[in-house]
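K.L.:
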Amino acid sequence: MPSRSRPEWLGPETDDITPAVSTSSHAFQAILDDLVRTVDLPMPSMEPVAPPAAPSASIGLDDVTPAGPPSPAEADDAVLVGPPPARLQGKGDLTLVIGFGPDAREAARILADGVSGDVRPVADRRDALAARADGVRRGCAVVAPVELDAVDAVPALAARLAALAPDQVWVAVDVSRRPEDTLRWVAQVDAVLAVDAIAATGARRTAGSHGLASLARPLVWLETREG
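Heads up, the sequence shown is in the numbering used here, so the first residue is 582 and it goes up one at a time.
(1) What residue range does the alpha helix (DSSP H) around E804 cover?
(2) Going by beta-carbon coordinates alone, are D762 and V732 separated by less than 8 Å?
(3) By the three-class DSSP mapping on this structure, what secondary structure does P666 have?
(4) Across the stretch 700 to 708 and the stretch 765 to 779, are there enough close Cβ pairs to call them in contact, namely three or more that are closer than 8 Å?
(5) Are there 16 or more other CB atoms within 10 angstroms of the CB of S697, so buried, or fewer, so exposed?
(6) For Q670, which residues from the same chain have a beta carbon less than 6 Å from its beta carbon, with the 5 sequence-adjacent residues on both sides left out?
(7) From G787 to V767, what does the alpha carbon distance come to, in whole angstroms?
(8) My assumption, with CB atoms under 8 Å, is that P726 sits in contact with V678. Please give the rounded CB distance.
(9) Tell me whether the beta-carbon of L745 lies closer than 8 Å to the beta-carbon of V724.
(10) Using a Cβ-Cβ cutoff of less than 6 Å, which residues in the same chain neighbour A689 once the five nearest sequence positions on both sides are dropped?
(11) Helix, strand or coil for G673 per DSSP?
(12) Could you pull out every residue in the same chain whose Cβ sits closer than 7 Å to the Cβ of A712, ignoring the five residues on either side in sequence?
(13) Note the first and the last residue of the continuous beta strand (DSSP E) segment covering V750.
(14) Here's the rule I'm using: 16 or more other beta-carbon atoms within 10 Å means buried, otherwise exposed. How should R785 be labelled?
(15) Figure out for me which residue from D771, G716, R719, G720 has the closest Cα to the Cα of L742.
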């Protein structure tokens, strides 16, 4: 499973993925200096922030199978693998929320509201660095939706996603979609950026199996499941 720590942006802009360090480091400060000159952002002040928790075990397509309809106990308990991770609140912390268009946008909005964060889409490494710098300057975390348009879109985006080097990764899952499709694209995301948690919706739109237990990730429902 890919490891993830605080991002480091060393050297000139390339397609290579560099190791990561805290945004409080001298290396990150040097890159921020260069970014300010390049994109004309006000210089943020740098303060230490707590590192993110280590990611859990990797998901693989060969390791997951669609689950049967959950029992009442399974619906809220068995799918959880430990508690959901704390939502990042440090200045410049970057959380990605990956999912199909409206799923990713709505989940990002809800997660950002919980930490008074800024919702800001990022398309590439430069966008991610600029978002971090702006978050540090404004004193808030950044929650970035990444919108997919196809079940197998992730492999083509793999290098770009990895270059974003987020501190935390959520997948926005609508459980009314086909479980096998959800398992496929979430596994593809996890192969590039270790998935920390699931933000789920759509429970009221399906009575069938949603398969979330097979993903073995902490789960947060973003809507009331009854009614």
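Using N, Cα and C, we set each Cβ at its ideal position, and we do this for glycine too.
P.N.:
Working from what's here:
(1) For the purposes of this step, residue 804 is taken as residue 223 along the sequence shown, with counting starting at 1. If you look at E804, you'll find it isn't in any alpha helix (DSSP H); DSSP assigns it neither H nor E.
(2) As a position in the sequence shown, residue 762 is number 181, starting the count at 1. As a position in the sequence shown, residue 732 is number 151, starting the count at 1. Yes, they are a contact pair.
(3) In the sequence shown, the residue the question calls residue 666 occupies position 85. Reduced to three states, the DSSP call for P666 is coil.
(4) Too few Cβ pairs lie closer than 8 Å, so no.
(5) Sequence index remark: in the sequence shown, residue 697 carries index 116 (1-based). Label assigned to S697: exposed.
(6) Along the sequence shown, one-based indexing puts residue 670 at 89. The beta carbon of Q670 lies closer than 6 Å to those of V696, A722 in the same chain, with the five residues before and after it left out.
(7) As a working mapping, residue 787 is identified with position 206 in the sequence shown. As a working mapping, residue 767 is identified with position 186 in the sequence shown. Just to set this straight, residue 787 is Thr in the shown sequence, not Gly. Computed Cα separation, rounded: 19 Å.
(8) For the purposes of this step, residue 726 is taken as residue 145 along the sequence shown, with counting starting at 1. For the purposes of this step, residue 678 is taken as residue 97 along the sequence shown, with counting starting at 1. With a Cβ gap of about 5 Å, P726 and V678 count as contacting.
(9) Here the question's residue 745 lines up with position 164 in the sequence shown. Here the question's residue 724 lines up with position 143 in the sequence shown. In this structure, V724 does not lie closer than 8 Å to L745 by Cβ.
(10) Position 108 of the sequence shown, counted from the start, is the residue given in the question as residue 689. Once the five neighbours on either side are set aside, the close Cβ partners of A689 are V678, V700, V724, P726.
(11) The residue you call residue 673 lines up with position 92 of the sequence shown. Three-state result, G673: coil.
(12) The sequence position of residue 712 within the sequence shown is 131, counting from 1. So the qualifying residues of the chain are L675, R701, V703, V723, A725.
(13) By one-based count along the sequence shown, residue 750 stands at place 169. 749 to 755 is the extent of the beta strand (DSSP E) around V750.
(14) Here residue 785 corresponds to residue number 204 of the sequence shown, with the count starting at 1. When all chains shown are included, R785 counts as exposed.
(15) The residue labelled residue 742 in the question sits at position 161 within the sequence shown. Considering only alpha carbons, the answer is D771.
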